[in-house]
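**Student:**
Residue numbers (our numbering): 4 to 740.
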C-alpha cells in the first residue's frame with residue numbers, strides 16, 4: 004500500500020516514516036530517487052510501496068567465527084564446560100571396554116562348563132584345554148579358547164561379574180552427572196550471550212540515522228530483531244553442547260579403538276572422510292537456500308505488517324485480492340526456499356548413517372575373523388562394535404546439526420548486517436552547555452541540506468526565531484517545512500551552515516540535551532499500550548498527579564476522559580483504537596503541556612479535532628507558547644494568523660516572511676495560498692449560497708481579528724461557519740456549545 008502526495012513522492016500508507024523519537028519524515032520533501040532506492044518505485048497494487056534492501060550474504064566461515072566470538076566474555080565458563088565434557092566423555096567411552104570384560108566372564112564361564120560336560124578334567128587351565136583340543140583335531144576351536152583365561156569346571160564367576168557391572172553403572176552415572184553440569188552451565192552461557200546480543204541490537208537501533216529507517220521496511224527490521232535472534236538462540240542452544248560432546252566422543256572412541264585393535268580402527272576411519280565429504284557437499288547446496296529462507300521470512304513479515312496496518316484502506320479500495328495474490332506469491336517463495344533448505348540439509352544424516360552401516364558390517368566381518376583366529380577376545384569384539392556404533396552416531400549427529408547451524412548462521416548474517424549499519428554521527432566528546440538563562444533563541448545561518456547529493460533541497464536558508472515568538476512555516480507539499488524540523492532535532496545533519504540555540508551550535512550539544520528541551524506535537528499521533536494517565540505522564544517522568552491533571556485540563560482531555568468508564572485509568576491498546584483520532588491528538592497535546600519544553604514544535608497539531616475544539620485548543624496552546632520559541636507547521640492557514648512571523652517556503656527556500664496581514668497585503672505566494680483556501684471556494688459557491696450569515700464579513704474578520712469577532716459577525720442562533728479547508732472536521736456537538 005502506498006499513498007502519493009502532491010509532489011509525486013510515495014510514502015507508506017497510514018503515516019509518514021518516523022524516527023525512534025517520533026519525528027516525521029515526509030517522503031514528499033525528498034527527491035523521487037530516494038523513494039526508488041527504498042524500493043518504493045510505483046509498481047501498482049496495495050503493496051507497491053514496499054521494497055526490500057538487497058541481501059548480501061557473508062561467507063559461512065567468517066559469520067560462524069564472528070558468532071562464536073560473541074562467546075568470548077564467557078571463556079572462563081567455556082573452559083569449565085570443555086573440562087566437564089572431557090570427563091563425561093572419558094567415563095562414557097570407558098563403559099564399553101569394561102562391559103566387554105563382563106562379556107568375557109560370561110563367555111569364558113560358559114565355555115568352562117561346556118568343556119567339563121564334554122569330559123575335559125575339572126581344574127584344567129584354558130591353555131591346557133586348548134592343547135587337548137588341538138590333539139583332538141579341533142584346531143579352530145582351540146585357537147578361540149587359547150586367548151581366554153579360565154579353569155575348566157569353574158563356570159561363571161558371578162562375584163567378578165557383579166563387580167564389573169557395578170563399575171559400568173558407576174561410570175555411566177558419573178558421566179551423566181558431568182554431562183548434566185556441562186549442559187546446565189552451557190545453557191547459561193548461551194542465554195547470557197543472546198541477552199547481550201539483544202542489548203547490542205537495541206542500542207544499535209537507537210544509534211541508527213533516520214535514513215536507515217527510511218529504506219528499511221518496518222516488518223523486515225522487526226524480523227531481524229525478533230525472529231532472527233530467536234533462531235540464533237535456538238541454534239546455539241542446540242548445537243554448541245551437542246557439537247562439543249560429539250567431537251569429544253569421536254576423539255575418545257577413536258583412542259579406545261586403537262587400543263583394542265589398530266586393524267579394526269583403520270576400517271572405522273573410513274567413515275571420517277566419507278562423512279565429511281557428504282556433509283560439505285550437501286551443506287554448500289543448502290546454505291544459499293537457508294539465506295533465502297530467512298530473507299523471504301523478513302519480506303513476508305513486512306508485507307503482513309503493512310497489510311494489517313493499512314487493512315481499512317485495502318478494504319476501501321477493494322484491493323484485497325491483489326493483497327492476497329502478493330501474499331500468496333511471497334508465501335510460495337518462502338515455502339520453496341524453506342522446503343529446499345530443510346530437504347537438502349536433511350539428507351546429511353541418512354547419508355552418513357548409510358556409510359556408518361557399511362562400516363559396521365565391515366567391522367563385524369573382520370572382527371569375527373579376528374576372534375576365530377584367536378587374535379581378539381569376543382568381549383573386545385563386542386566392545387569394538389559398540390564403539391563403532393558410537394563412533395558413527397556422533398558423526399551423523401554432526402552432519403544432522405549442519406542444517407541447524409546453517410540456519411543460525413544465515414540469521415546471524417542478517418543481524419550482523421544490522422549491527423554493521425552506518426550509525427549517526429557521534430555526540431561530541433566534550434559537549435557544550437546551554438546558558439542557564441537562555442530562553443530559546445534559535446538561528447538558522449546559511450543552512451544547506453539535501454537528501455540526495457544530486458538533488459538539492461535547501462540552498463542557503465537563514466532565519467532567527469526570537470524567544471517567546473511563534474514562527475509559522477507554510478508552503479506547498481514538498482517545500483521543505485518538516486525538513487527544517489528534522490534539521491533542528493538533528494534527525495539529519497546540515498550539509499552547510501549551522502543552527503544555533505541560544506548562541507550554541509546544536510552540533511556541539513548532545514542529542515539528548517537538545518531534544519530534552521524540545522516538545523513536539525505531530526499530526527500523526529503516537530500512543531503506547533497503557534493507561535491514559537501513563538500516556539500523558541510520558542511527557543515528563545516523575546510528574547505529580549496534580550500536574551498531570553492540570554495538563555489534561557489545559558488540553559481539554561479532561562472533558563472526554565470523564566465519559567470513559569475508568570477515566571484516566573482507561574487502558575489503551577497498541578493502536579489506541581478505543582478512542583477517536585481527535586482524542587488521541589488531544590492526549591499528545593497534553594503530553595507537550597506537561598513537558599514544559601524550551602522549544603515547541605507543532606506539526607498540524609490540531610488536524611484531527613473539530614473546529615470548536617480547535618479554537619479552544621489554540622487558546623490553550625497560546626498559553627503554552629508563552630516564553631517559548633515555537634515552530635508551527637500548518638496547511639490550514641486559519642490556525643496561524645496570530646503567529647509572530649510566517650515563513651513561506653517553496654523548493655527549500657524562504658520566499659516570503661512577515662505577519663499574516665503583511666503577507667496578504669503583499670499579494671505574493673502566501674496570498675495565493677490564502678486565496679486558494681478561502682476566497683476561491685467562496686467565490687465559486689457564492690451564487691448558490693443560502694441565506695445566512697455574511698460570509699464576506701466573516702472572512703474579513705478572520706483575516707483581521709479573533710474568533711470572538713467572527714462570532715459577533717455571525718447571525719445569532721447560527722452555527723459558526725467552517726473554513727473549506729476544515730470541511731473534514733467533526734461537527735460541533737451540542738455539549739460543546
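Even for Gly, the Cβ is constructed at its ideal location relative to N, Cα and C. What you are looking at is a predicted structure, and each value in this text was computed from that prediction instead of being measured.
#1: What did DSSP end up calling residue 153 once you bin it into helix, strand or coil?
#2: Can you give me the C-alpha to C-alpha distance between residue 564 and residue 647, rounded to a whole angstrom?
#3: According to DSSP, is residue 504 part of a helix, a strand, or is it coil?
#4: Quick check on DSSP: helix, strand or coil for residue 87?
#5: Is there contact here, the segment 197-215 with the segment 407-423, by at least three beta-carbon pairs under 8 Å?
#6: Please report how far the alpha carbon of residue 523 lies from the alpha carbon of residue 630, in whole angstroms.
#7: Would you mind stating whether residue 151 and residue 87 have Cβ atoms separated by less than 9 Å?
#8: Where do the ends of the alpha helix (DSSP H) carrying residue 2 lie?
#9: Going by DSSP, what residues sit across from residue 659 in a beta bridge?
#10: Taking buried to mean at least 16 other C-beta atoms within 10 Å of its own C-beta, is residue 229 buried or exposed?
#11: What do you reckon, are the CB atoms on residue 614 and residue 559 nearer than 9 Å?
#12: Using alpha carbons as the reference points, say which of 593, 534, 578, 532 lies closest to residue 562.
#13: According to DSSP, residue 534 sits in a beta bridge with which residue or residues?
#14: Do you know how far the Cα of residue 227 is from the Cα of residue 418?
#15: Can the beta-carbon of residue 234 be found closer than 9 Å to that of residue 380?
#16: If we ignore side chains and look at the alpha-carbon of each, how far apart do residue 469 and residue 459 end up?
#17: Hey, could you find the ends of the beta strand (DSSP E) residue 341 is sitting in?
#18: Could you tell me the alpha carbon to alpha carbon distance between residue 427 and residue 509, rounded to whole angstroms?
#19: Classify residue 467 as buried or exposed, calling it buried when 16 or more other Cβ atoms lie within 10 Å of its own Cβ.
#20: Determine the extent of the beta strand (DSSP E) in which residue 523 is found, giving its start and end residues.
#21: If I measure Cβ to Cβ from residue 438 and keep anything under 7 Å in the same chain, skipping five residues before and after, which residues do I get?
#22: Got a sec, what are the start and stop residues for the alpha helix (DSSP H) residue 193 sits in?
#23: Using the Cβ count rule (16 or more neighbours within 10 Å means buried), how would you classify residue 675?
#24: Considering only the alpha carbon of each residue, which of 269, 251, 274 lies closest to residue 361?
#25: Tell me, please, which residues DSSP counts as bridged to residue 499.
#26: Short of 8 Å in beta carbon distance, which residues of its chain neighbour residue 171, apart from the five on each side in sequence? Order them along the chain.
#27: Quick check on residue 198: buried or exposed, where buried means 16 or more other Cβ atoms within 10 Å of its Cβ?
#28: Spatial neighbours of residue 143 within its chain, please: C-beta separation below 8 Å, excluding the five flanking residues on both sides.
#29: Return the CA-CA distance between residue 276 and residue 141, expressed in angstroms with no decimal places.
#30: Going by beta-carbon coordinates alone, are residue 401 and residue 249 separated by less than 9 Å?
#31: Report the residue ranges of all alpha helix (DSSP H) runs contained in full by the segment 363-444; include only those spanning at least 4 residues, in chain order.
#32: Would residue 191 pass as a contact of residue 272 if the rule is Cβ separation under 9 Å?
#33: On the DSSP bridge list, what partners appear for residue 823?
#34: Which residues mark the beginning and the end of the alpha helix (DSSP H) in which residue 319 is found?
#35: Beta-carbon within less than 8 Å of residue 541's beta-carbon, same chain only, minus the 5 sequence neighbours each way: which residues are those?
#36: Look up residue 551 in the DSSP assignment and give the residues it is bridged to.
**Tutor:** Quick look at the numbers:
#1: In the chain shown, the residue the question calls residue 153 occupies position 150. It is coil, neither helix nor strand.
#2: Start at 1 with the first residue of the chain shown, and residue 564 comes out as number 561. Start at 1 with the first residue of the chain shown, and residue 647 comes out as number 644. Cα to Cα, the separation comes out at about 34 Å.
#3: Locating residue 504 in the chain shown gives position 501, counting from the first residue. DSSP places residue 504 in strand when its eight states are reduced to three.
#4: Numbered from its first residue, the chain shown carries residue 87 at position 84. Shown here, residue 87 sits in a helix according to DSSP, grouped into three states.
#5: Using a Cβ-Cβ distance cut-off of 8 Å, the segment 197-215 and the segment 407-423 are in contact, since at least three pairs of beta carbons, one from each stretch, lie closer than that value.
#6: The residue you call residue 523 lines up with position 520 of the chain shown. The residue you call residue 630 lines up with position 627 of the chain shown. Taking the straight line from one Cα to the other gives about 16 Å.
#7: Within the chain shown, numbered from 1, the residue matching residue 151 stands at position 148. Within the chain shown, numbered from 1, the residue matching residue 87 stands at position 84. Cβ atoms of residue 151 and residue 87: not closer than 9 Å.
#8: Outside the modelled stretch of the chain, which goes from 4 to 740, sits residue 2, for which no answer is possible.
#9: In the chain shown, residue 659 corresponds to position 656, counting from 1. Partner(s): 651.
#10: For this step, residue 229 is matched to residue 226 along the chain shown. Its Cβ having fewer than 16 others within 10 Å, residue 229 is exposed.
#11: To locate residue 614, count along the chain shown from 1; it is residue 611. To locate residue 559, count along the chain shown from 1; it is residue 556. No, the Cβ-Cβ distance between residue 614 and residue 559 is not below 9 Å.
#12: On the chain shown, position 559 is the one that residue 562 refers to. Of 593, 534, 578, 532, the residue nearest in Cα terms is 593.
#13: For the purposes of this step, residue 534 is taken as residue 531 along the chain shown, with counting starting at 1. Answer is 574, bridged to residue 534.
#14: In the chain shown, counting from the first residue as 1, residue 418 sits at position 415. In the chain shown, counting from the first residue as 1, residue 227 sits at position 224. Approximately 6 Å between the Cα atoms of the pair.
#15: Indexing the chain shown from 1 puts residue 234 at position 231. Indexing the chain shown from 1 puts residue 380 at position 377. Residue 380 sits away from residue 234, with the two beta carbons spaced by 9 Å or more.
#16: One-based indexing of the chain shown puts residue 469 at position 466. One-based indexing of the chain shown puts residue 459 at position 456. Taken atom to atom, the span from the alpha-carbon of residue 469 to that of residue 459 is near 28 Å.
#17: Stepping through the chain shown from its first residue, residue 341 is reached at position 338. Segment 323-349 is the alpha helix (DSSP H) holding residue 341; no beta strand (DSSP E) there.
#18: As a position in the chain shown, residue 427 is number 424, starting the count at 1. As a position in the chain shown, residue 509 is number 506, starting the count at 1. Taking the straight line joining both Cα atoms gives about 15 Å.
#19: Along the chain shown, read from residue 1 onward, the residue named residue 467 stands at position 464. Per the 10 Å Cβ criterion, exposed.
#20: Mapped onto the chain shown, residue 523 falls at position 520. Per DSSP, residue 523 belongs to the beta strand (DSSP E) from 521-524.
#21: Counted from its first residue, the chain shown places residue 438 at position 435. Excluding residues up to 5 positions away in sequence, 505 lie with their Cβ nearer than 7 Å to the Cβ of residue 438 in the same chain.
#22: In the chain shown, the residue the question calls residue 193 occupies position 190. 161-210 is the extent of the alpha helix (DSSP H) around residue 193.
#23: If you number the chain shown from 1, residue 675 lands on position 672. Under this definition residue 675 is an exposed residue.
#24: For the purposes of this step, residue 361 is identified with residue 358 of the chain shown, where counting begins at 1. The shortest C-alpha separation from residue 361 is found at 274.
#25: In the chain shown, counting from the first residue as 1, residue 499 sits at position 496. Note: residue 499 sits in a beta bridge opposite 451.
#26: The residue labelled residue 171 in the question sits at position 168 within the chain shown. Once the five neighbours on either side are set aside, the close Cβ partners of residue 171 are 98, 101, 102, 105.
#27: Along the chain shown, read from residue 1 onward, the residue named residue 198 stands at position 195. Answer is exposed; the Cβ neighbour count stays below 16.
#28: As a position in the chain shown, residue 143 is number 140, starting the count at 1. Correct list, in chain order: 375.
#29: Reading the chain shown from its first residue, position 273 is the one you call residue 276. Reading the chain shown from its first residue, position 138 is the one you call residue 141. When rounded, the separation of the alpha-carbon atoms in residue 276 and residue 141 is 42 Å.
#30: On the chain shown, residue 401 is found 398 positions in, with the first residue counted as 1. On the chain shown, residue 249 is found 246 positions in, with the first residue counted as 1. The answer is yes: Cβ separation under 9 Å.
#31: 381-422, all fully within the segment 363-444.
#32: If you number the chain shown from 1, residue 191 lands on position 188. If you number the chain shown from 1, residue 272 lands on position 269. Not in contact: residue 191 and residue 272 (Cβ atoms no closer than 9 Å).
#33: With the chain represented from 4 up to 740, any question about residue 823 goes unanswered, as that position is not in the structure.
#34: Counted from its first residue, the chain shown places residue 319 at position 316. Membership of residue 319 in the alpha helix (DSSP H) is indicated by the continuous run 314-319.
#35: In the chain shown, counting from the first residue as 1, residue 541 sits at position 538. Within its own chain, the residues whose Cβ lies closer than 8 Å to the Cβ of residue 541, once the five positions on either side in sequence are excluded, are 531, 594, listed in chain order.
#36: Sequence index remark: in the chain shown, residue 551 carries index 548 (1-based). DSSP lists no bridge partner for residue 551.
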